[in-house]
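Asker: Numbering (our numbering), first residue to last: 45 to 267.
Here it is, the structure, as structure tokens.
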């Protein structure tokens with residue numbers, strides 16, 4: 045009966061409370077599942093023994109009840125033949141077999157009750173096992189999710205990432221400087237070209253004025 049007590053403890057156990065108190069919930073839930081599965085194996089073995097014994101008792105009861113009926117018929121036959129002593133002996137045999145039948149029936153009832161209890165507890169144990177496996181699956185999923193998130197956070201706070209981002213900023217600044225130089229050349233080129241043309245035309249005009257003044261001075265001297 046130790047197995048029944050052990051199984052009752054498992055069925056009545058609060059899995060959540062056990063996990064809350066555990067230092068390593070994953071290990072605890074694995075051990076709980078292992079314990080339940082091992083208990084179920086023992087239950088099947090025990091149930092097989094009970095069923096075999098129940099069939100054996102059925103055969104014995106059938107035989108003993110047949111003897112009870114047979115001795116009852118013999119006692120009746122003896123009475124019909126006015127054989128009271130023989131009838132008394134037949135009834136004594138009937139009583140002996142009836143007592144055997146009562147004892148066998150009590151054993152049969154005990155085994156039937158045990159099988160009924162076993163079946164009920166097995167159903168509850170299977171429910172607990174399903175609950176434990178669901179919790180184990182949820183824990184594995186949560187652990188995987190937490191591990192992935194931890195990796196992401198580690199990457200986000202990695203010095204390599206910060207260094208790479210700083211390098212990107214430097215490259216971007218260098219590109220900005222190059223683009224600024226190109227823009228400056230375009231700006232000064234477009235501004236100096238018209239200015240240079242004006243200067244050339246003014247130089248031509250100044251040269252013409254000088255030539256005219258020089259010619260005038262030559263004419264005055266010749267006169």
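The beta carbon of each residue, even a glycine, is placed where N, CA and C say it ideally should be.
1) Are the Cβ atoms of residue 142 and residue 112 separated by less than 8 Å?
2) According to DSSP, simplified to helix, strand and coil, what is residue 125?
3) Enumerate in chain order the residues of its own chain whose CB-to-CB distance from residue 138 is below 6 Å, with the five nearest sequence positions on each side excluded.
4) Is the segment 122-132 touching the segment 178-194, taking contact as three or more C-beta pairs under 8 Å?
5) Could you check if residue 83 is buried or exposed, using at least 16 other CB atoms within 10 Å of its CB as the buried criterion?
6) Buried or exposed: where does residue 261 fall if 16 or more other Cβ atoms within 10 Å of its Cβ makes it buried?
7) Quick check: the Cα distance between residue 186 and residue 195, rounded to an integer number of angstroms?
8) Under 8 Å, do residue 144 and residue 184 count as touching if we go by C-beta distance?
9) Cα-Cα, which of 70, 77, 71 is closest to residue 175?
10) Between residue 161 and residue 101, is the Cβ-Cβ spacing less than 8 Å?
11) With distances taken between CB atoms, is the gap from residue 159 to residue 105 smaller than 8 Å?
12) Tell me which residues share the same chain as residue 192 and place their Cβ nearer than 7 Å to its Cβ, disregarding the 5 neighbours each side in the sequence.
13) How long is the line joining the alpha carbons of residue 225 and residue 218, rounded to whole angstroms?
Answerer: On the basis of the supplied data:
1) The residue given as residue 142 occupies position 98 in the chain shown. The residue given as residue 112 occupies position 68 in the chain shown. Contact: yes.
2) Counted from its first residue, the chain shown places residue 125 at position 81. Three-state result, residue 125: coil.
3) The residue you call residue 138 lines up with position 94 of the chain shown. Contacts found: 112, 115, 116.
4) no
5) Taking the first residue of the chain shown as position 1, residue 83 is located at position 39. So residue 83 ends up on the buried side.
6) Here residue 261 refers to the residue found at position 217 of the chain shown. Classification for residue 261: exposed.
7) The residue given as residue 186 occupies position 142 in the chain shown. The residue given as residue 195 occupies position 151 in the chain shown. So the two alpha carbons sit approximately 14 Å from each other.
8) Here residue 144 refers to the residue found at position 100 when the chain shown is read from its first residue. Here residue 184 refers to the residue found at position 140 when the chain shown is read from its first residue. Going by C-beta atoms, residue 144 is not nearer than 8 Å to residue 184.
9) Locating residue 175 in the chain shown gives position 131, where the first residue counts as 1. Closest by alpha carbon: 77.
10) As a working mapping, residue 161 is identified with position 117 in the chain shown. As a working mapping, residue 101 is identified with position 57 in the chain shown. Not in contact: residue 161 and residue 101 (Cβ atoms no closer than 8 Å).
11) Counted from its first residue, the chain shown places residue 159 at position 115. Counted from its first residue, the chain shown places residue 105 at position 61. Against a cut-off of 8 Å, the Cβ pair of residue 105 and residue 159 comes out as no contact.
12) Taking the first residue of the chain shown as 1, we reach residue 192 at position 148. If we look at residue 192 and ignore the five residues flanking it on each side, it has no Cβ neighbours.
13) Counted from its first residue, the chain shown places residue 225 at position 181. Counted from its first residue, the chain shown places residue 218 at position 174. Using only the alpha carbons, I get a separation of about 11 Å.
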